[in-house]
Amino acid sequence: MKLPHSYYSNQDVLFLAQNLLGKVLFTEIGDAITAGIIVETEAYFGVQDKASHAYGGRRTNRTEPLYSHGGISYVYLCYGIHHLFNVVSSVEDDPHAVLIRAVEPLIGKEIMEHRRNMPSSKATISSGPGSAAKALGIDQSFNKKDLTGDEIWIEDHGILYKPDEIITGPRIGVAYAQEDALLPWRFFVKNNKYVSKPNKG
DNA sequence: CGGATGATTCACT
DNA sequence: GTGAATCATCCGC
Numbered sequence: 013m014k015l016p017h018s019y020y021s022n023q024d025v026l027f028l029a030q031n032l033l034g035k036v037l038f039t040e041i042g043d044a045i046t047a048g049i050i051v052e053t054e055a056y057f058g059v060q061d062k063a064s065h066a067y068g069g070r071r072t073n074r075t076e077p078l079y080s081h082g083g084i085s086y087v088y089l090c091y092g093i094h095h096l097f098n099v100v101s102s103v104e105d106d107p108h109a110v111l112i113r114a115v116e117p118l119i120g121k122e123i124m125e126h127r128r129n130m131p132s133s134k135a136t137i138s139s140g141p142g143s144a145a146k147a148l149g150i151d152q153s154f155n156k157k158d159l160t161g162d163e164i165w166i167e168d169h170g171i172l173y174k175p176d177e178i179i180t181g182p183r184i185g186v187a188y189a190q191e192d193a194l195l196p197w198r199f200f201v202k203n204n205k206y207v208s209k210p211n212k213g
């Protein structure tokens with residue numbers, strides 16, 4: 013059930029970003045288990061991607077997790093308020109990652125409702141990278157965690173979307189990346205209400 | 001050591 | 001649609 017370490021070694025981050033749609037992201041904090049179906053992702057294409065924190069081989073204390081072997085998390089604070097969760101992929105020193113932008117609440121909905129202070133019927137409970145992370149209880153302490161461990165992991169529940177249900181488009185909020193901002197490296201499930209921003213095909 | 005800056009969200013107008 | 005919130009990180013001096 014749990015995706016094995018080998019899954020994350022895939023060196024094609026665009027494939028992985030698309031393949032992660034329909035997978036189920038779990039967190040366990042104390043006794044609280046929550047999980048959501050991944051319905052929106054973005055690929056960050058290593059050193060050659062101007063939108064990536066690792067662009068040009070930039071290597072700092074913060075970006076260090078990106079350079080690890082695939083299969084760990086990369087969580088960082090954005091705008092001083094939001095924790096954004098990424099799945100690190102590929103091999104060591106090849107800093108590819110997939111940003112999880114939205115999940116559909118599946119397990120532990122009451123816990124997510126409490127964390128977000130809104131009903132899970134509301135789309136915005138886990139729509140957008142900051143909200144999805146908060147619903148799952150992800151914060152800085154989840155940085156650099158092994159994704160095959162027992163604090164945060166991803167399972168395959170056999171959910172498969174048809175090719176025409178998966179939409180590709182430019183990434184959100186990366187205008188600073190100039191021409192790379194136009195690359196169609198955002199993937200989401202068509203018409204899923206938990207997808208942020210435009211979710212139609 | 002200080003200034004700038006976000007892979008965003010939410011409350012208002 | 002607009003603007004505030006809010007701080008770790010990064011980079012230049």
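Numbering (the numbering used here), first residue to last: 13 to 213. Glycine included, every Cβ here is placed at the ideal spot set by N, Cα and C.
Any beta strand (DSSP E) of 3 or more consecutive residues that is wholly inside the segment 19-72
36-41 and 44-56
Using the Cβ count rule (16 or more neighbours within 10 Å means buried), how would you classify G68?
exposed
May I ask you to list the residues that DSSP assigns as paired with W165?
F38 and T160
Return the Cβ separation of T46 and G120 in integer angstroms, given the expectation that the two are a contact with Cβ distance under 8 Å.
4 Å
To the nearest angstrom, report how far apart L37 and G170 are at their CA atoms.
13 Å
Given this structure, state the Cα-to-Cα distance separating T210 from T180, to the nearest angstrom.
Note that residue 210 is Pro in the sequence shown here, rather than Thr. Between P210 and T180, the C-alpha separation is close to 11 Å.
Skipping 5 residues on each side, what residues in its chain have a beta carbon closer than 6 Å to that of A44?
I123
Quick one: is N98 buried, meaning 16 or more other Cβ sit within 10 Å of its Cβ, or exposed?
buried
Tell whether a beta-carbon distance below 7 Å holds between L26 and A55.
yes
Quick check on G18: buried or exposed, where buried means 16 or more other Cβ atoms within 10 Å of its Cβ?
The sequence shown places Ser at residue 18, rather than the Gly named in the question. So S18 counts as exposed.
So the beta strand (DSSP E) P117 belongs to, where does it begin and stop?
H108 to I119
On the criterion of 16 or more Cβ atoms from any shown chain inside 10 Å, does K134 qualify as buried, or is it exposed?
exposed
Specify, as a first and last residue, the run of the beta strand (DSSP E) that G181 falls within.
I178 to G181
Measure the Cβ-Cβ separation of F154 and E52 and say whether it is below 7 Å.
no
So, helix, strand or coil for K14, using DSSP?
Looking at K14 - three-state DSSP - the assignment turns out to be strand.
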